């Protein structure tokens with residue numbers, strides 16, 4: 569595959585995009601998991617699907633929009649969905665979890681309507697659902713590079729605020745942190761990562777790449793920064809193994825990436841159990 573990467577531009581695009589996604593998806597996912605908002609990724613991914621369906625419908629209906637890149641419409645829908653979630657969380661202060669199923673349901677409904685209007689599933693839509701190695705264009709790569717710079721930069725700048733809000737929101741507010749503004753920025757970052765990841769991982773599977781590496785990391789890490797480090801490492805391993813498997817087996821990369829992440833998760837669980845048992849036996853010997 570190494571030789572093919574240097575030979576074919578679409579493989580270069582897919583591999584570089586995958587490496588970037590392997591960093592930003594688990595990176596933002598660590599904060600999502602700690603804040604117990606894992607389902608937000610699923611909700612926004614379905615909203616993104618609506619944007620893709622709308623884009624495909626517009627490009628098919630209006631010849632002047634035939635060259636429209638669905639990534640931009642999907643990204644716009646994802647950001648709008650994130651803002652609606654925050655608004656609904658404000659409206660339902662005592663039932664904030666309702667915001668996620670409301671947006672998720674709306675995303676599925678709008679997506680189903682425009683998929684029907686676009687004459688059902690086609691090759692383009694299938695590639696967005698489950699990812700495609702050949703579908704990543706150079707323009708997509710540039711967009712994802714920009715998104716990666718924005719997300720990584722904001723996390724570095726706002727790390728203290730995000731950390732405090734994730735673990736102790738009341739203390740963060742008492743410290744003078746503008747919780748509402750940080751929440752807004754965080755939700756927009758989540759939306760951007762989901763929209764950027766859909767080309768390689770697929771809309772229906774992108775939330776898995778944001779949570780599975782974090783779940784594996786939590787089992788073996790000692791502290792939040794270590795959790796982030798292991799999450800990014802496991803995310804990169806999942807993407808690399810998944811892309812190589814997809815290339816040689818001619819499979820959708822989203823599926824192979826997620827299965828790789830699941831295998832890493834299972835290995836981390838086994839490792840933790842073995843290390844715990846070894847520690848218990850050592851203590852018994854000392855006693």
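Residue numbers (this note's numbering): 569 to 855.
Ideal Cβ placement from N, Cα and C applies to all residues, glycine included.
Every value quoted in this text rests on a predicted model; they were computed, and no experiment measured them.
Q: Might you give, ordered along the chain, the residues of its own chain that have their beta carbon closer than 8 angstroms to the beta carbon of residue 706, omitting 5 neighbours on each side?
A: Start at 1 with the first residue of the chain shown, and residue 706 comes out as number 138. Hits under 8 angstroms: 577, 581.
Q: Would you mind stating whether residue 540 and residue 649 have Cβ atoms separated by less than 7 angstroms?
A: For residue 540 there is no data in the structure shown, the boundaries of the chain being 569 and 855.
Q | For residue 818, the three-state DSSP class (helix, strand or coil) | A | For the purposes of this step, residue 818 is taken as the residue at position 250 of the chain shown. Looking at residue 818 - three-state DSSP - the assignment turns out to be coil, as it is neither helix nor strand.
Q: State the Cα-Cα distance for the pair residue 679 and residue 737, rounded to the nearest angstrom.
A: For the purposes of this step, residue 679 is identified with residue 111 of the chain shown, where counting begins at 1. For the purposes of this step, residue 737 is identified with residue 169 of the chain shown, where counting begins at 1. Straight-line Cα distance between these residues: approximately 34 angstroms.
Q: Output the boundary residues of the alpha helix (DSSP H) element that contains residue 751.
A: Translated into the one-based positions of the chain shown, residue 751 becomes position 183. Per DSSP, residue 751 belongs to the alpha helix (DSSP H) from 747-765.
Q. Quick one: any contact between the stretch 799-811 and the stretch 781-789, if contact means 3 or more CB pairs under 8 angstroms?
A. yes
Q: Would you check if the distance between the CB atom of residue 712 and the CB atom of residue 579 is smaller than 7 angstroms?
A: Residue numbering aside, residue 712 sits at position 144 when the chain shown is read from its first letter. Residue numbering aside, residue 579 sits at position 11 when the chain shown is read from its first letter. Contact: no.
**Q.** Cα-Cα separation, residue 669 to residue 846
**A.** Here residue 669 is taken as the residue at index 101 of the chain shown, counted from 1. Here residue 846 is taken as the residue at index 278 of the chain shown, counted from 1. Cα to Cα, residue 669 sits roughly 43 angstroms from residue 846.
Q: Would you kindly check if the distance between the Cβ of residue 776 and the Cβ of residue 827 is under 7 angstroms?
A: Walking along the chain shown from the start, residue 827 turns up at place 259. Walking along the chain shown from the start, residue 776 turns up at place 208. Result no, Cβ atoms of residue 827 and residue 776 do not sit closer than 7 angstroms.
Q) Does the Cβ-Cβ distance between residue 603 and residue 734 come in under 7 angstroms? A) Looking up residue 603 in the chain shown gives position 35. Looking up residue 734 in the chain shown gives position 166. Result yes, Cβ atoms of residue 603 and residue 734 sit closer than 7 angstroms.
Q) Taking just the CA atoms, how far does residue 583 sit from residue 756? A) Position 188 of the chain shown, counted from the start, is the residue given in the question as residue 756. Position 15 of the chain shown, counted from the start, is the residue given in the question as residue 583. Going from the Cα of residue 756 to the Cα of residue 583 covers about 25 angstroms.
Q) For the stretch 677-737, which segments carrying the alpha helix (DSSP H) assignment without a break, of at least 4 residues, lie completely within its bounds, in sequence order? A) Counting only runs of 4 or more, we get 691-698, 706-725, 727-735.
Q: State the Cα-Cα distance for the pair residue 622 and residue 721, rounded to the nearest angstrom.
A: Along the chain shown, one-based indexing puts residue 622 at 54. Along the chain shown, one-based indexing puts residue 721 at 153. Near 31 angstroms, if we compare the C-alpha coordinates of residue 721 and residue 622.
Q. Any contact of the stretch 757-764 with the stretch 803-823, i.e. 3+ C-beta pairs under 8 angstroms?
A. no
**Q.** Cβ of residue 847 within 7 angstroms of any chain B Cβ
**A.** Absence of chain B from the displayed structure is noted, only one protein chain being present.
Q: Report the rounded CA-to-CA distance for residue 652 versus residue 813, giving the unit in angstroms.
A: Looking up residue 652 in the chain shown gives position 84. Looking up residue 813 in the chain shown gives position 245. C-alpha separation (whole angstroms): 38 angstroms.
Q: Give the DSSP-derived three-state secondary structure of residue 772 in the structure shown.
A: Residue numbering aside, residue 772 sits at position 204 when the chain shown is read from its first letter. Coil.
(Q) Rounded to whole angstroms, what is the Cα-Cα separation between residue 627 and residue 676? (A) One-based indexing of the chain shown puts residue 627 at position 59. One-based indexing of the chain shown puts residue 676 at position 108. So the alpha carbons of these two residues sit roughly 20 angstroms apart.
(Q) For a quick check, are the C-beta atoms of residue 708 and residue 767 less than 7 angstroms apart? (A) Your numbering for residue 708 matches position 140 in the chain shown. Your numbering for residue 767 matches position 199 in the chain shown. By the CB criterion at 7 angstroms, residue 708 and residue 767 fall inside the cutoff.
Q.
Rounded to whole angstroms, what is the Cα-Cα separation between residue 696 and residue 703?
A. The residue labelled residue 696 in the question sits at position 128 within the chain shown. The residue labelled residue 703 in the question sits at position 135 within the chain shown. If I take the Cα positions, the gap works out to 9 angstroms.
Q) Can you tell me whether residue 662 is buried or exposed, with buried defined as 16 or more other CB within 10 angstroms of its CB? A) For the purposes of this step, residue 662 is identified with residue 94 of the chain shown, where counting begins at 1. With fewer than 16 other Cβ atoms within 10 Å, it is exposed.
Q | For residue 841, the three-state DSSP class (helix, strand or coil) | A | Taking the chain shown and counting its residues from 1, one reaches residue 841 at position 273. Three-state DSSP puts residue 841 in a helix.
Q. Run through DSSP, which three-state label would residue 850 get?
A. By 1-based counting over the chain shown, the position of residue 850 is 282. Note: residue 850 maps to helix in three-state DSSP.
Q: Could you check the C-alpha separation between residue 821 and residue 771 for me, to the nearest Å?
A: Within the chain shown, numbered from 1, the residue matching residue 821 stands at position 253. Within the chain shown, numbered from 1, the residue matching residue 771 stands at position 203. If you take the alpha carbons of residue 821 and residue 771, they lie about 12 angstroms apart.
Q) Given a threshold of 16 other Cβ atoms within 10 Å of its Cβ, counted over all protein chains shown, does residue 838 qualify as buried or as exposed? A) Here residue 838 refers to the residue found at position 270 when the chain shown is read from its first residue. Classification of residue 838: exposed, given that the 10 Å Cβ count is below 16.
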